[in-house]
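Visitor:
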Amino acid sequence: MRLKISHMTEYTYAEPVEFALQRLRLTPVDGPGQHVVSWQTSVTGAGREAVYADHFGNRVELVSVSDGAQSISIMAMGEV
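This is the structure:
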């Protein structure tokens with residue numbers, strides 16, 4: 000069985016954000032009974048600072064919000 004997944008998270012701030020960091024863990028991993036066919040993430044309103052694996056092997060994307068941002072959108076989509 001294959002699943003197509005599309006997930007969007009939107010943040011809207013009451014006050015402009017001068018600076019913030021956020022870790023995104025939105026990428027599934029291959030494992031018993033699951034194979035990631037394709038996967039991508041995109042961020043609007045924030046910059047991608049780094050990509051690394053955490054202690055459990057999960058992909059982590061570090062994004063920064065700055066310059067008085069009032070909203071950000073994060074999209075994750077793919078097929079497993």
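So that you can map any letter, position 64 of the sequence shown is 63 in numbering that gives the first Met the number 0, and since no number is skipped, the others follow by simple counting. Note that the Cβ used here is the ideal one computed from N, Cα and C, for glycine as well.
1. Can you check which of these residues, Asn57, Thr26, Thr43 and Gly32, is closest to Ser70 by C-alpha distance?
2. Residues in its own chain within less than 7 Å of Tyr10 by CB, not counting five upstream and five downstream?
3. From this set, Ala68, Ala45 and Glu78, which residue's C-alpha is nearest Pro23's C-alpha?
4. If we ignore side chains and look at the alpha-carbon of each, how far apart do Leu2 and Glu60 end up?
5. Give me, in chain order, the residues of the same chain whose beta-carbon lies closer than 7 Å to that of Asn81; leave out the 5 immediate sequence neighbours on both sides.
Guide: On the basis of the coordinates in this document:
1. Thr43
2. Ser70 and Ile71
3. The displayed chain sequence assigns Leu, not Pro, to residue 23. Closest by alpha carbon: Ala45.
4. 23 Å
5. Outside the shown range of the chain, which is 0 to 79, sits residue 81, and nothing can be said about it.
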